[in-house]
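Below you'll find the structure, written out as structure tokens, and then a few comments.
Residue numbers (this note's numbering), protein chains in the order written: chain Y, 1 to 157; chain R, 1001 to 1633.
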């Protein structure tokens, strides 16, 4: 019974993506990874981490790391403002916050509408993205949550 | 899949099964020590095996229930005096092997592993049977018809389902002729009927009345039970049995999932933080005259108490760990033919559940060493003028924020000459006078430093005391050896009460708050720049006749350099881990408080010098300094 329920639950989330923006580019993240979206909160700096790991935050008693999506994508840093928010995701039972410029909407993208990225694309992007979708003439890069959020040393395992 | 693993029924089964196996073990050890009669053991073991059989059959673990069934058969024979053990010691050893097997099986089930094969168990059971004398079997086979009426405890609902489970279970033991209401399987209405009129079962069996009643002992929801050989009502019977059953079902303990306890502790932690925010709120802080101030004081007392109770829920007495040690001693002493008396005290001392798991293996190792290397053979003891029976003392006690566990034997002690010889061989020391007694015993904690020449069944498997020391250090504990020739050896282990809460000093480094565990601080002091000796860029400080390294926390965690700041004086904290010491350089000391340790998210890179983090009253995160790794630098 439990299995049926979670199956059903998963089905209703199938093909749904949360769209966030960095500069003018749209990115999509599978909704099944998303726990909640919160405003920016005080971040504690953690020494000895990759540059894109901004630190850790206290989310109601849970300590979770936050990474800056811009810096992860090697884009120039921008000052955080009131539209900046943190997408709290759960990936393989790890909670990780992703700092993005702002989130716009939740959309359904069917599998057929997703095209793979060209092989010649820059290496980093190949790893981070599952493909690109064309939705009403808007191009959305679909993020591969696991490689995006996990530090490189872990993906090497 | 995750959800299924956490099936509460399964968890309850596992924890109950473990408890049963523990009780079995305890019973057999009591028998070994003559604390209890064979009759009492037989009926206790019968009861335990029976319960385990029932619940494992209900969960569909048929292998397990089959083994229990066979064990039950054996104890029925023992109880009814149809058989008695030929050699009690051997019988007990075999029983303990059976307990091990069950433990292993349950462990496999818990870990969702393929269970171990049953071949082994057949051997054990055959041997068990062999160690029993057969008596003549002349029990009458006359069957009696019983009419049983059950009433369930209220408020649990689904009476029909529970009745069904009982019927299913009874089928294993007796012939069921009839039950009423009979449509319990598919008619939900029958639940109401059972609630009102009770559930009637008619059975036929050669068993005695008391034995039939025993069958029902294991169903936890029965409020009262009435058993008649005719259908007539007997008020007296009813009262008698309802009293009896009420006694059986009162239980002061409940099993709680440790995750739930952790969650509770987390929530209370959050509450503490939120509460301190309320107290700090300007509207409340500014209002000195209102009653709110008094209320907050009262509230903070309540919260502190709540926190203490929640923490204590993680604490378990050491008794079951000591029980295991005792069992190992009993088993080994029989096999090695070294009679040993075990003296246990302080087993009620409580320790955090996680810590208990970590110290059990080291303790077992030490106990094994004590019998194998420490206690001499009987003849050797007599020659030395000692009593034939060796002694092992296991003791635990609380001492401040630590628990001290000691294991002492009155054996031959550790041979210092041998250690010195080995140390010279390994070129750890240059001459015998080179090393103090304390340091000498510390040598045997080094990897590959075993003084035992031959390997036996119990030692010499390549696992040395270094592993013991490591696992104790891992949980922040310390271990010390005292030993003298022909008098005995004593291992003393000190461990912190709980891993979750420590006393810490809050310090400021470059505007960031860090926590330094209080137990590593020796002293704090001010000094001027002129007191620093800087040789090859390594800053040193001279204090009380000793020279210490200076560890600049600003330099380690940030890119700053505290000594380059121009200050009238600097703040140093002398820290030690028992072996090494150093002076930490900090900007400021803030306060001292109890902190709840949290682990850092696993996906972060490991940070040298930091062991975890904690939440401060303001909701701010502070890192906990790892003194050991700071001293390594």
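The beta-carbon is built from N, C-alpha and C at its ideal position, and this holds for glycine as well. Source: prediction; values computed, not measured.
Closest option to residue 1393(R), judged by alpha-carbon separation, among 1385(R), 1363(R), 1418(R), 1379(R): 1363(R).
As the crow flies, the alpha-carbon of residue 1388(R) is around 36 Å from that of residue 1433(R).
Within chain R, no C-beta atom comes less than 8 Å from the C-beta of residue 98(Y); the nearest is roughly 13 Å away. In the DSSP secondary-structure assignment, residue 1535(R) is bridged to 1538(R). Checking the DSSP bridge columns, you'll see residue 1068(R) has no partner listed.
CA-to-CA, the gap between residue 1262(R) and residue 1418(R) works out to about 48 Å. For the options 1331(R), 1294(R), 1306(R), the alpha carbon positioned closest to that of residue 1026(R) is the one of 1331(R).
In terms of beta-carbon proximity, residue 60(Y) lines the interface with chain R, with at least one pair separated by less than 9 Å. Contact check for residue 57(Y) against residue 42(Y) passes: the beta carbons are separated by less than 9 Å.
Along the length of the segment 1351-1391 of chain R, whole alpha helix (DSSP H) runs at least 4 residues long occupy 1353-1369, 1378-1383, reported in chain order. For residue 1611(R), the CB contacts under 6 Å within the same chain, skipping 5 residues up- and downstream, are 1624, 1626 in chain order. Taking CB atoms only, residue 95(Y) has a neighbour in chain R less than 9 Å away. Taking the C-beta atoms as reference points, residue 95(Y) is found nearer than 9 Å to residue 62(Y). Of the candidates 108(Y), 143(Y), 149(Y), 143(Y) places its Cα closest to the Cα of residue 21(Y). When secondary structure is reduced to three states using DSSP, residue 1514(R) falls in the strand class.
Straight through space, the alpha carbons of residue 108(Y) and residue 1109(R) are spaced by roughly 42 Å.
For residue 1041(R), same chain residues with a beta-carbon under 6 Å away, outside a window of 5 residues either side, are 1027, 1031 in chain order. In this chain, the beta strand (DSSP E) harbouring residue 1409(R) covers 1402-1409. Across the structure, residue 1496(R) and residue 1475(R) are spaced so that their CA atoms are roughly 8 Å apart.
Inclusion of residue 1522(R) and residue 1581(R) in the CB contact set at 9 Å is warranted, their separation being smaller than that value.
When CB distances to chain R are screened at a threshold of 8 Å, the residues of the segment 37-49 of chain Y falling below it are 42, 44, 45, 46, 47, 48, 49, in chain order.
Note that the C-beta distance between residue 1079(R) and residue 1043(R) is below 9 Å.
The DSSP-derived three-state label of residue 129(Y) is strand. Put simply, of 1023(R), 1085(R), 1410(R) the residue whose alpha carbon is nearest the alpha carbon of residue 1384(R) is 1410(R). Beta-bridge annotation (DSSP): residue 1505(R) is paired with 1516(R), 1592(R).
Within its own chain, the residues whose Cβ lies closer than 7 Å to the Cβ of residue 1178(R), once the five positions on either side in sequence are excluded, are 1202, listed in chain order. For residue 1550(R), the closest Cβ of chain Y is not nearer than 9 Å. Residue 1492(R) is positioned such that its CB atom lies closer than 9 Å to that of residue 1404(R). At a beta-carbon threshold of 9 Å, the residues of chain R lying near residue 150(Y) are 1603, ordered along the chain. In the DSSP annotation of this structure, the continuous segment of the alpha helix (DSSP H) that includes residue 1307(R) starts and ends at 1292-1313. The DSSP-derived three-state label of residue 1044(R) is helix. Under the DSSP definition of a beta bridge, residue 1552(R) partners with 1585(R). The beta carbon of residue 1402(R) is closer than 8 Å to those of 1494, 1495, 1496, 1497 in its chain, skipping five residues each way along the sequence.
Residue 1343(R) has 1393(R) as its beta-bridge partners, per DSSP. Using a CB distance cut-off of 9 Å, residue 65(Y) counts as an interface residue toward chain R. If you draw a straight line from the Cα of residue 78(Y) to the Cα of residue 1532(R), it comes to about 43 Å.
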